[in-house]
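Participant:
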Amino acid sequence: ISDDLNFWPQKISENLRNYWIQRGSSSCQHKNHGFKESVVQLEKESQRRYCSIALFQRVHARTGEQVDRTWLCYSKTSGRVYCFVCKLMSSTVSKLTSGLNKWKHAHEILMNHENSKQHLDAMAALCARKSSSQIDSDLVKQYEGEVQYWQELLRRLVSVVKFLCVRGLAFRGNNELIGSSNNGNYLGILELLSHASYLSSTICEELIELMGQKVLCVIIDEIKTAKYFSMSVDSTPDIMHVDQLTVVIRYVLQSGPFLEENGINIQNCRGQSYDNASNISGKYKGVQAIIRERCSVAYYIPCTAHSLNLIGKCAAECCPNAVEFFNLLQNLYSWFVSSTHRWQVHRKHLRGLPVTKALSDTRWSARYDAVRALNKGYHENMSALEELQSDENQPRDSRLVAEGFLKKLQQLERSEFEYYEDKGIAKSVVKVYKETSKREKTRKRQFDEGCSKETIFSPRERFRSVQHRLHSYMHIQNKFGFLSNICELSKDDIRHAAIQLMETYVNDFEDCFPSEMIHFSEFYKTVSGQEKKKTRNSSTEIEMLLLLNENMCSHIFPNVHIALRIYLCMAPSNCCGERSFSKLKRIKNEARNSMGQERLNFLSLMSIENDVVDSLFFTDLIRDFALRKARK
Numbered sequence: 009i010s011d012d013l014n015f016w017p018q019k020i021s022e023n024l025r026n027y028w029i030q031r032g033s034s035s036c037q038h039k040n041h042g043f044k045e046s047v048v049q050l051e052k053e054s055q056r057r058y059c060s061i062a063l064f065q066r067v068h069a070r071t072g073e074q075v076d077r078t079w080l081c082y083s084k085t086s087g088r089v090y091c092f093v094c095k096l097m098s099s100t101v102s103k104l105t106s107g108l109n110k111w112k113h114a115h116e117i118l119m120n121h122e123n124s125k126q127h128l129d130a131m132a133a134l135c136a137r138k139s140s141s142q143i144d145s146d147l148v149k150q151y152e153g154e155v156q157y158w159q160e161l162l163r164r165l166v167s168v169v170k171f172l173c174v175r176g177l178a179f180r181g182n183n184e185l186i187g188s189s190n191n192g193n194y195l196g197i198l199e200l201l202s203h204a205s206y207l208s209s210t211i212c213e214e215l216i217e218l219m220g221q222k223v224l225c226v227i228i229d230e231i232k233t234a235k236y237f238s239m240s241v242d243s244t245p246d247i248m249h250v251d252q253l254t255v256v257i258r259y260v261l262q263s264g265p266f267l268e269e270n271g272i273n274i275q276n277c278r279g280q281s282y283d284n285a286s287n288i289s290g291k292y293k294g295v296q297a298i299i300r301e302r303c304s305v306a307y308y309i310p311c312t313a314h315s316l317n318l319i320g321k322c323a324a325e326c327c328p329n330a331v332e333f334f335n336l337l338q339n340l341y342s343w344f345v346s347s348t349h350r351w352q353v354h355r356k357h358l359r360g361l362p363v364t365k366a367l368s369d370t371r372w373s374a375r376y377d378a379v380r381a382l383n384k385g386y387h388e389n390m391s392a393l394e395e396l397q398s399d400e401n402q403p404r405d406s407r408l409v410a411e412g413f414l415k416k417l418q419q420l421e422r423s424e425f426e427y428y429e430d431k432g433i434a435k436s437v438v439k440v441y442k443e444t445s446k447r448e449k450t451r452k453r454q455f456d457e458g459c460s461k462e463t464i465f466s467p468r469e470r471f472r473s474v475q476h477r478l479h480s481y482m483h484i485q486n487k488f489g490f491l492s493n494i495c496e497l498s499k500d501d502i503r504h505a506a507i508q509l510m511e512t513y514v515n516d517f518e519d520c521f522p523s524e525m526i527h528f529s530e531f532y533k534t535v536s537g538q539e540k541k542k543t544r545n546s547s548t549e550i551e552m553l554l555l556l557n558e559n560m561c562s563h564i565f566p567n568v569h570i571a572l573r574i575y576l577c578m579a580p581s582n583c584c585g586e587r588s589f590s591k592l593k594r595i596k597n598e599a600r601n602s603m604g605q606e607r608l609n610f611l612s613l614m615s616i617e618n619d620v621v622d623s624l625f626f627t628d629l630i631r632d633f634a635l636r637k638a639r640k
């Protein structure tokens, strides 16, 4: 079968179509051939024109990103360029199906063609055919992976057999148990090959530094490749009271000082997310305001987790009785666990019931667990306190504390509550309770205060901070919200939303973005219907990005791909920064509090980014390390 599109028949057969769908266009492009057959000289022009390798790449007009035109193929016999996709999937005759050799206006013709409905429909049909045969290709990849695995395994086994045979050593031992010291030379050497030996503390420290730098370089390369990112910053003191700063960069993969030192352009930042501390989230002098001065489209998103926690905490603290009740639960738990004897008495009386639970400032489900445990073991807890209160072997202060807990817990118990409530309603001669007074309550004025009237805020003004945060969330939703329901919107609505997005990000999208988004919506409706059998626990925007990447359609819809990358790289919260502090507490603990800052940085980085560490083989690092040691 010829890889020259000039020899393809006008009517493509199904066998030929299936063959080239599976094989792809890479072998037909011939973009490194030299283009000597493409020379064209018109009568009115003295200059000769040729096909150029620059035609095989599209440069984004706003972002400068280069996207390969994988669909463009050069014919070595006719000296013309063809559209691989339209030649294969479209029955309509065009300049790119019959061959293009007008090199003077080739760039404009190719731009118009790749944005045309004929080309986009052909690409959608090709992607649909590819997705239907994806299962077969996945099985082939799995088979090839298993073959590669066994080849690597057998290579090691052959090396061990050669080693033992050359030296005339015995293979078998007294047993064939992995880990046994008597399993023989063969299994013993295989165990040796599967483990790393300890060299020295100095080499270990150098390896930690080199591996940490390697992981950091990989992450920086990923950020530069992704182009768009958002950032989140947080800090906490470690066990030695040294303030540790964490910088979380959120970006979309194709499958500050930190930014400047590592060559990351802050102009590509499209979002920020911090907690609500004024030095970070301040509107005028906060970190987010400083970054907005350098990049106006790096919109600040208040941490949703902190906002939710703040609202829940404030709502709970509005009721003094609730605050007192939860303080009682926490103090009761702390008192029981502070003594092994008291805890044993506590467990003895519960007899398998849930023990008293501790509260949490951020995990509100812990409060439910604590109340549930006290409710189920209420009488058992009372019995335990009575025993401790009457135990003369206990210190006097402990017996007094137990007596105080008993009195407070007894106040929580009241039988026939409904009876007393109905009786109170009957005495008030009303069907439901209502406020006794609608007069606005004022604060008592102190003797040293002025005579000016107190400013009374309306309930809406008291939620001003919440309104500011809600405005930030709605701003992002108004810009990108149409992506989640693109299948239900009309073409006019999609065009209007795309134009609004273009006006916000003027340096990121080309003028053809609205029409490209409309074509993408039709493409997504067609292809997503065939992908419904694949269950993915992800949002619509993530499914769209995966669809473009898996079907290699990002070069067809480059502006849509950019819009999805900008939206998905925005960080809705800085919970990742909080989680990184959990790793910090494990690494720098009381037994390792003298650890140096540089070593702490690299160990934390490799512990947090463990998936990146697992994906690296460090082959070049081992080679460079060995060369450096050999020179010594």
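Per the working numbering, the sequence shown starts with residue 9, numbered consecutively.
Here a beta-carbon is modelled for each residue, glycine too, at the ideal position from N, C-alpha and C.
Note that the structure is a prediction, hence the values are computed from the model and not measured.
Bridge partners for F237 per DSSP, in chain order?
Facilitator: Answer is Y259 and C277, bridged to F237.
Participant: If the criterion is Cβ atoms closer than 9 Å, does the pair M248 and N601 meet it?
Facilitator: Against a cut-off of 9 Å, the Cβ pair of N601 and M248 comes out as a contact.
Participant: Quick check: what's the CA-CA separation for I494 versus K110?
Facilitator: Going by the C-alpha atoms only, they are around 38 Å apart.
Participant: Quick one: Cα of L108 to Cα of T548, how far?
Facilitator: Looking at the two C-alpha atoms, the distance is approximately 39 Å.
Participant: Can you check whether the CB of C81 is closer than 9 Å to the CB of H127?
Facilitator: Contact: no.
Participant: Rounded to the nearest angstrom, how far is the Cβ of C135 from that of V535, given a contact under 8 Å?
Facilitator: So it is a contact: roughly 6 Å between Cβ atoms.
Participant: Is DSSP giving L207 helix, strand or coil here?
Facilitator: Because the pLDDT of L207 is 41, which lies under 50, any placement of that residue in the model is unreliable, and the question is left without a value.
Participant: If A579 and S286 are in contact, beta carbons under 8 Å, what's the gap, nearest whole angstrom?
Facilitator: That pair is no contact at about 20 Å.
Participant: In this structure, does DSSP put Y513 in helix, strand or coil?
Facilitator: It is coil, neither helix nor strand.
Participant: What separation, rounded to the nearest whole angstrom, lies between the Cα atoms of Y575 and V67?
Facilitator: Cα to Cα, the separation comes out at about 22 Å.
Participant: Exposed or buried, which one is I9 when buried takes at least 16 other CB atoms within 10 Å?
Facilitator: With fewer than 16 Cβ atoms within 10 Å of its Cβ, I9 is classed as exposed.
Participant: Among the residues of its own chain, which have a CB less than 7 Å from the CB of H357, if the five just before and after it don't count?
Facilitator: The answer, listed in chain order, is E388, S391 and A392.
Participant: Quick check: E617 and E217, are their CB atoms within less than 9 Å of each other?
Facilitator: No; because the gap between Cβ atoms is not below 9 Å, this pair is not in contact.
Participant: What residues in its chain sit with their C-beta under 6 Å from that of N515, if we drop five residues either side in the sequence?
Facilitator: Same-chain partners within the cutoff: R70.
Participant: With distances taken from CA atoms, which of A324, N383 and K431 is nearest Q418?
Facilitator: Nearest of A324, N383 and K431 to Q418, Cα basis: N383.
Participant: With DSSP as the reference, identify every bridge partner of R66, one or two as the case may be.
Facilitator: Answer is V75, bridged to R66.
Participant: Take the Cβ of S281 as the centre, count every other Cβ of all protein chains shown within 10 Å, and call the residue buried at 16 or more, exposed below.
Facilitator: By the neighbour-count rule (16 or more Cβ atoms within 10 Å), S281 is buried.
Participant: What are the residues that DSSP puts in a beta bridge with C459?
Facilitator: Answer is none; C459 lacks a bridge partner.
Participant: Can you look up C81 in the DSSP assignment and give me helix, strand or coil?
Facilitator: Correct three-state label for C81: strand.
Participant: Using only CA atoms, which one of G87, K125 and N193 lies nearest to S102?
Facilitator: That would be K125, whose Cα lies nearest to the Cα of S102.
Participant: Looking at the unbroken alpha helix (DSSP H) that takes in C322, where does it start and where does it end?
Facilitator: Its alpha helix (DSSP H) spans residues T312 to E325.
Participant: How far does the beta strand (DSSP E) with Y90 in it reach, from first residue to last?
Facilitator: First-last of the beta strand (DSSP E) with Y90: V89 to C91.
Participant: Within the same chain, show all residues whose beta-carbon is closer than 7 Å to that of G385, passing over the 5 residues directly before and after it, in chain order.
Facilitator: Excluding residues within five positions, the ones whose Cβ falls inside 7 Å are L358, L361 and P362.
Participant: For D242, list the residues DSSP reports as bridge partners.
Facilitator: In the DSSP output, where bridge partners are listed per residue, D242 has T254.
Participant: Would you kindly work out how many angstroms separate the C-alpha atoms of N190 and S202, rounded to a whole number?
Facilitator: Going by the C-alpha atoms only, they are around 18 Å apart.
Participant: My understanding is that G72 touches F610, with C-beta atoms under 8 Å, so please give their C-beta distance in whole angstroms.
Facilitator: So it is not a contact: roughly 34 Å between Cβ atoms.
Participant: Where R453 and K593 are concerned, what is the direct C-alpha to C-alpha distance, given to the nearest angstrom?
Facilitator: Distance between the alpha carbons of R453 and K593: 47 Å.
Participant: Taking only three categories from DSSP, how would you classify V223?
Facilitator: It is helical.
Participant: Measure the Cβ-Cβ separation of V260 and S588 and say whether it is below 9 Å.
Facilitator: No, they are not a contact pair.
Participant: So, does the stretch 339–349 touch the stretch 521–529, judging by three or more C-beta pairs under 8 Å?
Facilitator: Cβ pair count under 8 Å is below three, so no.
Participant: Please report the residue range of the alpha helix (DSSP H) in which R587 lies.
Facilitator: Looking at the DSSP string, the run of the alpha helix (DSSP H) that includes R587 is C583 to I595.
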